[in-house]
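**Student:** A single structure is presented below for examination.
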Amino acid sequence: MIMKPRPIPNEITTLEALLRRLPPAYKRRRMLEQDLAHRQQGYDGEKNVDRFTGALLKNNFTLLHDVYLDSTFQIDTLIIGPHCMFVVEIKNYKGTITLDYKLNQFTREYKGVVTGFRNPIIQAMTNKLLLTNWLAEHNIDDIPIIPLFVISDPATIIKVIPETHDISSEIMHGEYMPQHVIKVNHALNKPHGHLHQKIGAMIVQECETYHFDYQQKYAIDPKDLLGGVQCTGCGRLGMRRQYNSWICEKCQTVSKTAHIQALTDYFLVKKPWISNSECMRFLGITSKNVATKLLKEHGLYYDPIHRRWHVKQVNKVPVGKITV
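Quick note: the sequence shown, position 264, residue 264 per full-length UniProt numbering, numbers continuous.
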C-alpha cells in the first residue's frame with residue numbers, strides 16, 4: 001500500500017511563493033526561476049517513477065515517499081517488503097551518465113556539456129546506514145536494507161568504467177525497478193519477522209517536514225516581499241475587497257477565494273503564525289472582522305494568549321516553518 005504519498009516539495013511551494021511576492025526586477029529573480037525549474041524537473045522525475053512502483057508494488061509492499069527523519073536524512077522512496085527494505089534515490093538526469101569506478105567520480109554529459117555530481121549510489125548507501133541506525137534505535141535491527149539508484153528518464157544512457165563492473169543491482173531505469181524489487185525480495189526468501197505495514201506506520205509517525213530556509217540560501221530580506229492578494233486573472237498584486245469578493249482594478253477579474261493563495265504564501269515565506277493586524281496589512285483590508293472571518297475559514301487555530309493564528313502542524317514540524 002502507499003502509506004505516505006509524495007507531497008509537493010516544500011522547496012517548490014516556497015520558491016513559487018517567493019516569485020509571486022518579489023518585485024519583477026528583483027536582482028536574484030532569475031536564479032530563483034532556474035532553481036525552481038531544476039527542482040520541478042526532479043519532482044516530475046520522482047512522480048514518473050512513482051507510477052511504476054504504485055501500479056506494481058502497492059499490493060504486496062508498503063511504500064513511503066519523501067521520508068525525512070531526525071532532521072538529518074531524506075529518502076526519496078522507501079519500499080518495505082516482507083523480506084527486506086529498499087532505499088531508493090531517484091534522479092531525473094538526461095543525456096549520458098557515467099560511473100567511473102577507477103577515478104571514483106560520477107559525471108553527466110548533456111548537450112555537449114560534461115558535469116560532475118556526487119555519486120547517487122553513495123547517497124543511497126549513506127541513507128541505508130542512517131536508516132539502519134535509526135531502526136536499531138527503535139529496536140528493529142534484523143531487516144536487510146538494499147540501496148538503489150533509479151534514473152527516471154528511460155532515454156538516459158548509463159555507462160560504467162570499467163565496463164566489466166556490474167552495477168545492474170544498484171542502478172537502473174525507473175520502469176525496471178519494480179521487477180527488480182520483486183525479484184530480490186523473493187530471492188531472500190526469509191521473512192524478517194515484522195509486519196511491513198507496522199514498520200511503515202511507525203516511520204510515518206516519526207517523519208518530519210523539511211524546513212527550506214530560503215533566507216539562508218538566497219539572502220532574501222523578508223522586507224522585500226510584497227503583500228496583497230494576487231489576481232487570478234492577470235497576476236497583479238493588490239486585489240480590492242468588495243463585499244464578499246476580491247476585484248482586480250486592472251482586469252476586473254472577480255474572485256471569492258483569491259485570498260487563500262495569499263495566506264498560503266504568508267505562511268511559506270513569512271512565519272507560521274499571523275495576527276489580525278498582520279493579516280489586514282498583508283491582504284490590504286481595513287476590517288478586523290473580515291480578517292477574523294478569513295482566518296477562521298483558512299483552517300487555522302487561534303492562540304488566545306498571544307492573540308494570533310497558527311498554521312496547523314504536519315507531523316512534527318509546521319509547514320512553512322521559518323526563522324525570522
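Ideal Cβ placement from N, Cα and C applies to all residues, glycine included. Because the structure is a prediction, the values reported are computed rather than measured.
What does the Cβ neighbour count give for residue 15, buried or exposed, with the cut at 16 atoms within 10 Å?
**Tutor:** Taking the sequence shown and counting its residues from 1, one reaches residue 15 at position 15. With 16 or more Cβ atoms within 10 Å of its Cβ, residue 15 is classed as buried.
**Student:** Check whether the stretch 22-37 and the stretch 156-169 are in contact - that is, three or more C-beta pairs closer than 8 Å.
**Tutor:** With the cut-off at 8 Å, the stretch 22-37 and the stretch 156-169 do not touch.
**Student:** Which class does residue 128 belong to by DSSP, given the choice of helix, strand or coil?
**Tutor:** Start at 1 with the first residue of the sequence shown, and residue 128 comes out as number 128. Residue state, collapsed to three classes: helix.
**Student:** I need the straight-line Cα distance from residue 305 to residue 231, nearest angstrom please.
**Tutor:** Walking along the sequence shown from the start, residue 305 turns up at place 305. Walking along the sequence shown from the start, residue 231 turns up at place 231. For residue 305 and residue 231, the distance between alpha carbons rounds to 35 Å.
**Student:** Quick check on this structure: which residue in 243, 143 and 51 has the alpha carbon closest to the alpha carbon of residue 196?
**Tutor:** Counting from 1 along the sequence shown, the entry for residue 196 is found at position 196. When only C-alpha atoms are compared, the closest one is 143.
**Student:** Which ranges would you report for the beta strand (DSSP E) in the stretch 129-208 if only whole runs of at least 3 residues count?
**Tutor:** Here the runs fully enclosed are 145-151, 157-161 and 171-173.
**Student:** Where DSSP assigns a beta bridge to residue 326, which residues make up the other side?
**Tutor:** Missing from the structure shown is residue 326; the chain here goes from 1 to 324 and no further.
**Student:** The alpha helix (DSSP H) that contains residue 12, what's its start and end?
**Tutor:** The residue you call residue 12 lines up with position 12 of the sequence shown. Residues 10-21.
**Student:** For residue 42, which residues in the same chain have their Cβ closer than 6 Å to its Cβ, ignoring the five residues on either side in sequence?
**Tutor:** What you label residue 42 is simply residue 42 of the sequence shown in a count that begins at 1. Excluding sequence neighbours, residue 42 sits near 92.
**Student:** Nearest-angstrom Cα distance between residue 255 and residue 186?
**Tutor:** Taking the sequence shown and counting its residues from 1, the one referred to as residue 255 is at position 255. Taking the sequence shown and counting its residues from 1, the one referred to as residue 186 is at position 186. Between residue 255 and residue 186, the C-alpha separation is close to 55 Å.
**Student:** Might you give, ordered along the chain, the residues of its own chain that have their beta carbon closer than 7 Å to the beta carbon of residue 245, omitting 5 neighbours on each side?
**Tutor:** Sequence index remark: in the sequence shown, residue 245 carries index 245 (1-based). So the list reads 254, 255 and 256, once near-sequence residues are dropped.
**Student:** Considering only C-alpha positions, which residue in the set 145, 136 and 171 is nearest to residue 106?
**Tutor:** The sequence position of residue 106 within the sequence shown is 106, counting from 1. Among 145, 136 and 171, the Cα nearest to that of residue 106 is on 171.
**Student:** Can you name, in chain order, every residue of its own chain whose Cβ lies under 6 Å from the Cβ of residue 280, other than the five neighbours on each side?
**Tutor:** Walking along the sequence shown from the start, residue 280 turns up at place 280. Excluding sequence neighbours, residue 280 sits near 291.
**Student:** By the three-class DSSP mapping on this structure, what secondary structure does residue 269 have?
**Tutor:** Along the sequence shown, one-based indexing puts residue 269 at 269. Helix.
**Student:** Could you check where the alpha helix (DSSP H) with residue 57 kicks off and where it finishes?
**Tutor:** If you number the sequence shown from 1, residue 57 lands on position 57. Note, residue 57: alpha helix (DSSP H), 29-57.
**Student:** Taking the Cβ atom as the reference point for each residue, do residue 37 and residue 269 lie within a distance shorter than 8 Å?
**Tutor:** Start at 1 with the first residue of the sequence shown, and residue 37 comes out as number 37. Start at 1 with the first residue of the sequence shown, and residue 269 comes out as number 269. Their beta carbons are not under 8 Å apart, which means residue 37 does not touch residue 269 by this criterion.
**Student:** Do you know how far the Cα of residue 267 is from the Cα of residue 315?
**Tutor:** For the purposes of this step, residue 315 is identified with residue 315 of the sequence shown, where counting begins at 1. For the purposes of this step, residue 267 is identified with residue 267 of the sequence shown, where counting begins at 1. In this prediction, residue 315 scores a pLDDT of 43, lower than 50, which makes its location untrustworthy; the coordinate-derived value is nonetheless stated afterwards. Going from the Cα of residue 315 to the Cα of residue 267 covers about 17 Å.
**Student:** When you compare only the Cα positions, how much space is there between residue 137 and residue 288?
**Tutor:** For the purposes of this step, residue 137 is identified with residue 137 of the sequence shown, where counting begins at 1. For the purposes of this step, residue 288 is identified with residue 288 of the sequence shown, where counting begins at 1. Cα to Cα, residue 137 sits roughly 50 Å from residue 288.
**Student:** Would residue 278 pass as a contact of residue 152 if the rule is Cβ separation under 8 Å?
**Tutor:** For the purposes of this step, residue 278 is identified with residue 278 of the sequence shown, where counting begins at 1. For the purposes of this step, residue 152 is identified with residue 152 of the sequence shown, where counting begins at 1. Contact flag unset, no.
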